[in-house]
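Each number in our numbering comes from the position in the sequence shown (counting from 1) with 66 added on.
Below you'll find the structure, written out as structure tokens, and then a few comments.
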Amino acid sequence: MTIKEFKPKSDLLKKHIKSFYFMKSRDNEKTEFVYYPHFIETINIFSNSSVSINGAVFNVEKRLNNNAIILSASKTKFRTAIVKDEYDIIGIQFFPLAVHNFFDMNTLSMIENGVYLMNSQNLANIALKDGIDDRTNGLEAFLTSILKHNQLDTLKSMVQLIHDSKGNIRMNELENQIGLSRRTILRQFKKYLHCSFEDYKNTVRFRLAIENFSNENENTSNIIGDIAY
């Protein structure tokens, strides 16, 4: 198995995309990947594969001349991808809300909350390229060509306040700082982030807990006290 991850070359794309990654294996053994809740939204292109989704499970099977494209925008659930054969995966990781700068979410076919099946011939064509450099250049060129401003500046400010508070800001504090009603805030989160205000806060705290646990200099009590999770 090989795994490669790269930051975008374009300074413009770096503002919206965390990384591109490439995962490939020629083993014919079953492989499982677990996708935990995250505020990062991810597009996975499964090259020469078909994907079916049943609840929290992705079933990926080899299918020549077919490319399945899945957007995972889950803030509340974990999901498992079960790959039954060799695999070739291209991934794009977007910063919060950034996917709206590139794709019209209303055109996606929703399978279940936070998981979408995409139909993009341009992304499918990138999977036909063999080399990582060619794939990276193809992603950069395509994403740069469709980049637009999504007019979600107020919601971005709300999201930033949640991250700055480590997921501990209260609704009344957010209302006062942003100048919007609770109802409007909740509607914005549901429409564009596919979760509730509280769900997003919990996801931020969950990811901070994982990050801090990986730091050997931190102990459990310090982590709990720091993020109240």
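Think of the CB as a built atom: it goes at the ideal place given N, C-alpha and C, for glycine as much as any other residue.
Remember, predicted model here, so these are calculated numbers, not experimental data.
C-alpha distance - residue i paired with residue j, whole-angstrom precision
i      : j      : result
PHE160 : THR108 : 6 Å
LEU221 : LYS80  : 20 Å
ILE135 : ALA193 : 10 Å
HIS229 : PHE88  : 28 Å
PHE124 : ALA139 : 14 Å
MET67  : SER118 : 23 Å
LYS90  : ASN216 : 33 Å
ASN120 : VAL126 : 11 Å
GLU71  : LEU137 : 18 Å
VAL225 : PRO162 : 8 Å
HIS166 : ASN94  : 36 Å
THR286 : PRO103 : The predicted position of THR286 is uncertain, since its pLDDT is 44 and thus under 50; a value taken from the coordinates is nonetheless stated next. Using only the alpha carbons, I get a separation of about 21 Å.
Spatial neighbours of residue i in its chain, beta-carbon cut-off 8 Å, leaving aside the 5 residues before and after
i      : result
ILE293 : Unreliable placement is indicated for ILE293, whose pLDDT of 36 sits below 50; no coordinate value is reported for it.
THR146 : GLU98, PHE99, VAL100, TYR101, ALA122, VAL123 and PHE124
Own chain, CB closer than 6 Å to residue i, minus 5 neighbours either side, in chain order
i     : result
LYS96 : LYS150
Residue i: CB within 7 Å of a non-hydrogen atom of the ligand FMN
i     : result
PHE72 : Ligands displayed in this structure: none; no statement on the ligand FMN is therefore possible.
Paired residues, beta bridge with residue i - DSSP
i      : result
ALA134 : PHE112
SER91  : TYR153
SER85  : GLN159
MET184 : ILE135
TYR101 : ARG145
Beta-carbon proximity list for residue i, same chain, < 7 Å, skipping 5 on both sides
i      : result
GLN321 : This structure gives no information on residue 321, because the portion of the chain shown stretches from 67 to 295.
Quiz item: With a cut-off of 8 Å, do at least 3 Cβ pairs link the segment 146-166 to the segment 107-127?
Solution: yes
Quiz item: Which full runs of the alpha helix (DSSP H) of 4+ residues lie inside the segment 137-175, going along the chain?
Solution: none
Quiz item: Residue ranges of each beta strand (DSSP E) run of no fewer than 3 residues wholly in the segment 188-275, ordered along the chain?
Solution: none
Practice problem: Give a yes or no on contact between the segment 202-219 and the segment 69-76, applying the rule of three or more CB pairs nearer than 8 Å. | Solution: yes
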